[in-house]
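K.L.:
Here it is, the structure, as structure tokens.
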Amino acid sequence: MTKTSTTSLLRRLIMLGLMLLAATFMVLPTAGLRMAAGVAAADPIVPTPPPLPAPREMPQDAPRINNIGGAKVSSSAPQGEGNGMGQPLAAARELSNFTVPMFAKDGIFFPTTWAGKNIAIHLPGEMTLQAAAWSGDGGATYTSNDVDYQIIPFSGGGGDIIIRRKTIFSASDMAVGVRIPEGTHLRQGTNVVLVESDPHPGRPATVIGTFSVPVARDAKGAPVSVSPGIGPGFPNQTNILINLGQANIFAFPIEITLSYRASNTPTSGALTADWAGMPAGVSPPQVITVPADYVTDPGGKYRPAGVDPVLYAERHSGMCQGGPNEFRSPDGRTADFIVSCQRQQMCLDATPRDTSVDVCNNTLFANMSTNCVSAFGQQGDEYDTCQRIASDEVAWVKANMLTGRLCQPITPQSNTRLLPSNGNRYCR
Numbered sequence: 002m003t004k005t006s007t008t009s010l011l012r013r014l015i016m017l018g019l020m021l022l023a024a025t026f027m028v029l030p031t032a033g034l035r036m037a038a039g040v041a042a043a044d045p046i047v048p049t050p051p052p053l054p055a056p057r058e059m060p061q062d063a064p065r066i067n068n069i070g071g072a073k074v075s076s077s078a079p080q081g082e083g084n085g086m087g088q089p090l091a092a093a094r095e096l097s098n099f100t101v102p103m104f105a106k107d108g109i110f111f112p113t114t115w116a117g118k119n120i121a122i123h124l125p126g127e128m129t130l131q132a133a134a135w136s137g138d139g140g141a142t143y144t145s146n147d148v149d150y151q152i153i154p155f156s157g158g159g160g161d162i163i164i165r166r167k168t169i170f171s172a173s174d175m176a177v178g179v180r181i182p183e184g185t186h187l188r189q190g191t192n193v194v195l196v197e198s199d200p201h202p203g204r205p206a207t208v209i210g211t212f213s214v215p216v217a218r219d220a221k222g223a224p225v226s227v228s229p230g231i232g233p234g235f236p237n238q239t240n241i242l243i244n245l246g247q248a249n250i251f252a253f254p255i256e257i258t259l260s261y262r263a264s265n266t267p268t269s270g271a272l273t274a275d276w277a278g279m280p281a282g283v284s285p286p287q288v289i290t291v292p293a294d295y296v297t298d299p300g301g302k303y304r305p306a307g308v309d310p311v312l313y314a315e316r317h318s319g320m321c322q323g324g325p326n327e328f329r330s331p332d333g334r335t336a337d338f339i340v341s342c343q344r345q346q347m348c349l350d351a352t353p354r355d356t357s358v359d360v361c362n363n364t365l366f367a368n369m370s371t372n373c374v375s376a377f378g379q380q381g382d383e384y385d386t387c388q389r390i391a392s393d394e395v396a397w398v399k400a401n402m403l404t405g406r407l408c409q410p411i412t413p414q415s416n417t418r419l420l421p422s423n424g425n426r427y428c429r
């Protein structure tokens, strides 16, 4: 074998060794991955966690043992610890009255005639207002340098907001925020702003609250024009816009009255814009519908057997309970309350299936207030006196009048083929 042949053979052996060495490094990692993959497929990556123990109550007021240094103090006296499960959350409650907070930014809450649904009022510039200065009737006044806001609550879930624009330098345009519940909206009605439920097929929109169109007077009693409106606000909030016209610079402060009532009637009682009441000696038309199937039976002639006679007498007296049947001013104008009382008594008959006691009592005040506005306007001494008499009467009703369902008595005029106007059932 020549030297050249020997050199060529040596090179071929070296090349073959290098190729075998490279193949070894390529195969071994691949096999390792296949083995690892086989293990991973056979065993779960994350072990199944053990099931959580079912929650169970701890013993009420377990004995306490405390180690203090080398001494031990024990006690079996109740420690008020509870059972470890915590207290249940309080269920949402239906508002019966106006709720006035210490700070205006927390919102002023009103009930509606939709049981359990409430609205909230947010005053303009509420973050800059002082804390509430409380009045004896549960109301409050929130003050600032330029504008004061007086809240006057009534027993029937309604209230008046008196806005006092103190100087000419205060804003003449205001936006009162109204936060309304889901499924409702604000709508401009005839001389009124309505809070309504949203319409659905087979269920039209219904009124669940009313705001009066604001009216304004200066310090001399002269009217100041107001252009009301409804505008957008924060999310889930709509604004009632109050735009004041020109005012006498020597007749400040200016008082703007905005009223809310938990009403199911699409009126505040104002018969025209900037309504100031009927002329002296003239009573207003009846704006609250008379219930045609109300049964006046003070003697109990149609009372079914087994019905509480006191309850029946309250519901069928034909009169108001706990107060006068009307308010008459010295100039001869009259606000009638009887129709409002009859509607409230029929409303109570249908509770709790169709409505609630608070809704019935709050609509009583709203209807009485509507007649006050029709007779005396939205401001003034007669208006204030009429509203206070209505509020006191509703306060008595809430404290003393019996509640509970009562069937509709059958009289010779009853048409038993149709349900009563309140959706009640006839006595059988």
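In my numbering, the protein residues as written are 2 to 429. Here a beta-carbon is modelled for each residue, glycine too, at the ideal position from N, C-alpha and C.
1. I'd like the list of long-range same chain contacts for residue 359, defined as Cβ closer than 6 Å, with 5 residues on each side in sequence excluded.
2. Between which two residues does the beta strand (DSSP E) containing residue 231 stretch?
3. Can you list, in chain order, the residues of its chain whose CB lies under 7 Å from that of residue 33, leaving out five sequence neighbours each side?
4. Using alpha carbons as the reference points, say which of 238, 206 and 258 lies closest to residue 229.
5. Less than 8 Å between the beta carbons of residue 383 and residue 330, yes or no?
6. Which class does residue 377 belong to by DSSP, given the choice of helix, strand or coil?
7. Does DSSP put residue 357 in a helix, in a strand, or in coil?
8. Would you report the Cα separation of residue 352 and residue 125, rounded to the nearest angstrom?
9. Give me the Cβ distance between residue 196 and residue 185, rounded to the nearest whole Å; I'm assuming they're in contact under 8 Å.
10. In this structure, does DSSP put residue 140 in helix, strand or coil?
11. What number of angstroms, rounded off, separates the C-alpha of residue 281 from the C-alpha of residue 332?
12. Between the alpha carbons of residue 132 and residue 139, how many angstroms are there, rounded?
13. Give me the Cα-Cα distance between residue 152 and residue 208, rounded to the nearest whole angstrom.
14. Name the DSSP beta bridge partners of residue 194, please?
15. From 323, 286 and 347, pick the residue whose C-alpha is nearest to that of residue 337; which is it?
16. Across the stretch 242-252 and the stretch 292-301, are there enough close Cβ pairs to call them in contact, namely three or more that are closer than 8 Å?
17. Check whether the Cβ atoms of residue 189 and residue 276 lie closer than 8 Å to each other.
18. When the Cβ atoms of the stretch 396-408 are set against those of the stretch 367-379, are three or more pairs found closer than 8 Å?
19. Rounded to whole angstroms, what's the CA-CA distance from residue 161 to residue 414? Just pull it up for me.
20. What first and last residue would you give for the beta strand (DSSP E) that runs through residue 414?
21. Pick from 165, 104 and 395: whose alpha carbon is nearest that of residue 135?
22. If we ignore side chains and look at the alpha-carbon of each, how far apart do residue 361 and residue 288 end up?
23. Beta-carbon within less than 6 Å of residue 427's beta-carbon, same chain only, minus the 5 sequence neighbours each way: which residues are those?
24. For residue 72, which of helix, strand or coil comes out of DSSP?
25. Alpha carbon to alpha carbon, how far is residue 311 from residue 238? Give it in angstroms, no decimals.
26. Report yes if the C-beta distance between residue 156 and residue 213 is below 8 Å; otherwise report no.
27. Express the C-alpha separation of residue 49 and residue 20 in angstroms, rounding to a whole number.
28. With distances taken from CA atoms, which of 325, 328 and 320 is nearest residue 346?
29. Kindly indicate which three-state DSSP category residue 250 falls into: helix, strand or coil?
30. Short check: CB of residue 264 to CB of residue 364, under 8 Å?
31. Tell me residue 313's beta-bridge partners as DSSP assigns them.
32. Check whether the Cβ of residue 155 lies closer than 8 Å to any Cβ atom in chain B.
33. Let me make sure I understand the geometry here. Which of 14, 187, 220 and 231 has the alpha-carbon closest to that of residue 267?
34. Nearest-angstrom Cα distance between residue 35 and residue 17?
35. How many angstroms separate the CA atom of residue 273 from the CA atom of residue 106?
36. Mind reading off the beta-carbon distance from residue 334 to residue 271? Whole number of angstroms is fine, and I expect it under 8 Å.
P.N.:
Taking the coordinates as given:
1. Residue numbering aside, residue 359 sits at position 358 when the sequence shown is read from its first letter. Sequence-distant partners of residue 359 (beyond 5 residues in either direction) whose C-beta falls short of 6 Å from its own C-beta, in its chain, are 95 and 97.
2. Taking the sequence shown and counting its residues from 1, the one referred to as residue 231 is at position 230. Segment 227-233, the beta strand (DSSP E) holding residue 231.
3. Translated into the one-based positions of the sequence shown, residue 33 becomes position 32. Bear in mind that the predicted position of residue 33 carries a pLDDT of just 47, short of 50, making it too unreliable to give a figure here.
4. Taking the sequence shown and counting its residues from 1, the one referred to as residue 229 is at position 228. Taking residue 229 as reference, the option from 238, 206 and 258 with the minimal CA-CA separation is 258.
5. For the purposes of this step, residue 383 is identified with residue 382 of the sequence shown, where counting begins at 1. For the purposes of this step, residue 330 is identified with residue 329 of the sequence shown, where counting begins at 1. Closer than 8 Å, so yes.
6. Taking the first residue of the sequence shown as position 1, residue 377 is located at position 376. In the displayed model, residue 377 falls within a helix according to three-state DSSP.
7. Here the question's residue 357 lines up with position 356 in the sequence shown. If DSSP states are grouped into helix, strand and coil, residue 357 belongs with coil.
8. Taking the sequence shown and counting its residues from 1, the one referred to as residue 352 is at position 351. Taking the sequence shown and counting its residues from 1, the one referred to as residue 125 is at position 124. Looking at the two C-alpha atoms, the distance is approximately 38 Å.
9. If you number the sequence shown from 1, residue 196 lands on position 195. If you number the sequence shown from 1, residue 185 lands on position 184. That belief holds up - the Cβ atoms of residue 196 and residue 185 are roughly 6 Å apart, short of 8 Å.
10. Translated into positions along the sequence shown, residue 140 becomes position 139. If DSSP states are grouped into helix, strand and coil, residue 140 belongs with coil.
11. Locating residue 281 in the sequence shown gives position 280, counting from the first residue. Locating residue 332 in the sequence shown gives position 331, counting from the first residue. Using only the alpha carbons, I get a separation of about 5 Å.
12. As a working note, residue 132 is residue 131 in the sequence shown. As a working note, residue 139 is residue 138 in the sequence shown. Distance between the alpha carbons of residue 132 and residue 139 is about 14 Å.
13. Here the question's residue 152 lines up with position 151 in the sequence shown. Here the question's residue 208 lines up with position 207 in the sequence shown. Their Cα atoms are separated by approximately 23 Å.
14. In the sequence shown, residue 194 corresponds to position 193, counting from 1. According to DSSP, residue 194 bridges with 189 and 212.
15. Here residue 337 refers to the residue found at position 336 when the sequence shown is read from its first residue. Closest by alpha carbon: 286.
16. no
17. Here residue 189 corresponds to residue number 188 of the sequence shown, with the count starting at 1. Here residue 276 corresponds to residue number 275 of the sequence shown, with the count starting at 1. Contact flag unset, no.
18. no
19. For the purposes of this step, residue 161 is taken as residue 160 along the sequence shown, with counting starting at 1. For the purposes of this step, residue 414 is taken as residue 413 along the sequence shown, with counting starting at 1. Spanning the two alpha carbons is a distance of roughly 42 Å.
20. Against the sequence shown, residue 414 aligns to sequence position 413. Neither: residue 414 is in no beta strand (DSSP E) and is coded neither H nor E.
21. Walking along the sequence shown from the start, residue 135 turns up at place 134. For the residues 165, 104 and 395, the minimum Cα distance to residue 135 belongs to 104.
22. To locate residue 361, count along the sequence shown from 1; it is residue 360. To locate residue 288, count along the sequence shown from 1; it is residue 287. Rounded to whole angstroms, residue 361 to residue 288 spans 18 Å at the Cα level.
23. For the purposes of this step, residue 427 is taken as residue 426 along the sequence shown, with counting starting at 1. Counting only Cβ-Cβ distances below 6 Å, and skipping sequence neighbours, we find 409, 411 and 417.
24. What you label residue 72 is simply residue 71 of the sequence shown in a count that begins at 1. It is a strand residue.
25. Walking along the sequence shown from the start, residue 238 turns up at place 237. Walking along the sequence shown from the start, residue 311 turns up at place 310. So the two alpha carbons sit approximately 45 Å from each other.
26. In the sequence shown, the residue the question calls residue 156 occupies position 155. In the sequence shown, the residue the question calls residue 213 occupies position 212. No. Outside cutoff.
27. By 1-based counting over the sequence shown, the position of residue 20 is 19. By 1-based counting over the sequence shown, the position of residue 49 is 48. Approximately 47 Å between the Cα atoms of the pair.
28. As a position in the sequence shown, residue 346 is number 345, starting the count at 1. For residue 346, the nearest C-alpha among the options comes from 320.
29. For the purposes of this step, residue 250 is taken as residue 249 along the sequence shown, with counting starting at 1. Note: residue 250 maps to coil in three-state DSSP.
30. Position 263 of the sequence shown, counting from 1, holds the residue named residue 264. Position 363 of the sequence shown, counting from 1, holds the residue named residue 364. For residue 264 and residue 364, yes; Cβs fall inside 8 Å.
31. Looking up residue 313 in the sequence shown gives position 312. Residue pairing by DSSP places residue 313 in no beta bridge whatsoever.
32. Note that chain B does not occur in the displayed structure, where there is just one protein chain.
33. Mapped onto the sequence shown, residue 267 falls at position 266. Considering only alpha carbons, the answer is 187.
34. Working through the sequence shown from its first residue, we reach residue 35 at position 34. Working through the sequence shown from its first residue, we reach residue 17 at position 16. At residue 35, the pLDDT of 45 sits below 50, so the modelled position is not reliable; the number obtained from the coordinates is stated separately. Looking at the two C-alpha atoms, the distance is approximately 27 Å.
35. The count along the sequence shown starts at 1 and reaches residue 273 at position 272. The count along the sequence shown starts at 1 and reaches residue 106 at position 105. Between residue 273 and residue 106, the C-alpha separation is close to 33 Å.
36. In the sequence shown, the residue the question calls residue 334 occupies position 333. In the sequence shown, the residue the question calls residue 271 occupies position 270. Not quite, the Cβ-Cβ distance comes to about 15 Å (not below 8 Å), so this is no contact.
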